[in-house]
Amino acid sequence: MTHITYDYHAEKIGQGVPAIFLPAGGFTGNEGLNIAEFLSGDFETHLIDLPGLGNSKGIDGKITSVHLANWVKEYMEQNHIEKADLIGHSLGGAILLSFAVHYPDKVNKLVLLDQGHKPFPRIPKSEFGPFAYIFPLINVCVKIFRKPCLNKLAPLFLQSNEQEIDFEGDVKRFCERMGIEENEYVRMAIKHPAEFSVEGLNLMFGYYNLNLPKLLKSIKVPTYLIYGTFENINEKEHRHTEHYIQKLKRHSLPITYHQVNGGHYVHWNKEFSLCDLKEFLTNTS
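One gets the working numbering by counting positions in the sequence shown from 1 and adding 189 to each.
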């Protein structure tokens, strides 16, 4: 198999045991800054931009869970990391879940922030707006034609992201929609979003085609799953979440479950406990 060398953009916070944080699509690695700063006395947290979304070079061609796992593996090799703790939110969580499944011997513990317990929606309205209803058809075209199709699609997605900037309004609307309180970390992440690229679009289609619950059911490393209930935010999503959590709990998996009354951005929720996260990572029993 040909060895591929990737370029990464990462910020390192703290000293100690290596930990890798990967953000949601649309944000750079600094989405995890509140976590990295809290862990800085015991962990060296690597806040990494996703491939093609931010300043990390993208992945060409078809993207599977193996490609995502190898992308993380290459970063660890470049930074001489034998084994690490992993913390990932949303799309970033899916990438780290893939790595943990394919390379469990390189993982201490895995923290999933609202990821893995339920499938990505086939009609992803919250992620892709007006394109969501034709997304399954677009996905088929991307599978067949790949780069030429992505090149034609990219300007459409880019145009949808280039709205007139209203920073204060954007922050307020984001926090209201996600059921979180405004803070310096939210403001920073929204002020410095990830740059969009054709490779980033390719990553999103790879993400769309992952079977997340199947991956999570294959997990062998200690995992801390912190998920949003969506209660009083989106009742349909609340029922959807409860359904898949109960299905998951029927399996004997090395997962510690923790629910947060809120939406998708659990690590910015006032109920989220950085102390509990650190205890999970440092507990040796």
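All C-beta atoms in this analysis are idealised placements derived from N, C-alpha and C, irrespective of residue type, glycine included.
Practice item. Would you grab the beta carbon distance between Asp-238 and Gly-218 for me? Rounded to a whole angstrom, and I think it's under 8 angstroms. Key: 5 angstroms
_With a threshold of 8 angstroms (Cβ to nearest heavy atom), would Leu-401 be considered close to the ligand GDP?_
Among the components modelled here there is no ligand, and therefore nothing to report on the ligand GDP.
Quiz item: Under a Cβ-count criterion, where at least 16 other Cβ atoms within 10 Å of its own Cβ denotes burial, should Asn-391 be classed as buried or exposed?
Solution: buried
Run through the stretch 219-302 for me and flag every whole beta strand (DSSP E) of 3 or more residues, listed as ranges in chain order.
232-237, 273-278 and 296-302, all fully within the stretch 219-302.
message: Looking at Lys-436: is its Cβ nearer than 9 angstroms to the Cβ of Pro-402?
response: Yes. Within cutoff.
Along the chain, where does the beta strand (DSSP E) containing Ile-444 start, and where does it finish? Run containing Ile-444: 444-449, per the beta strand (DSSP E) assignment.
Next item on the list: Determine the direct distance from the alpha carbon of Ile-333 to that of Ser-245, and round the result to whole angstroms.
Entry: 26 angstroms
message: I'd like the ranges of any alpha helix (DSSP H) spanning at least 4 consecutive residues and lying wholly in the stretch 395-432.
response: 401-405
- request: To the nearest angstrom, report how far apart His-427 and Leu-339 are at their CA atoms.
  value: 33 angstroms
Backbone CA spacing between Met-190 and His-256 [nearest angstrom]: Since pLDDT at Met-190 reaches only 48, below the 50 mark, its modelled position is unreliable, and no value is offered.
Give the DSSP-derived three-state secondary structure of Lys-314 in the structure shown. helix
- Query: How would you call Thr-253, buried or exposed, if buried means at least 16 neighbouring beta carbons within 10 angstroms?
  - Reply: exposed
Taking the Cβ atom as the reference point for each residue, do Gly-205 and Phe-232 lie within a distance shorter than 9 angstroms? yes
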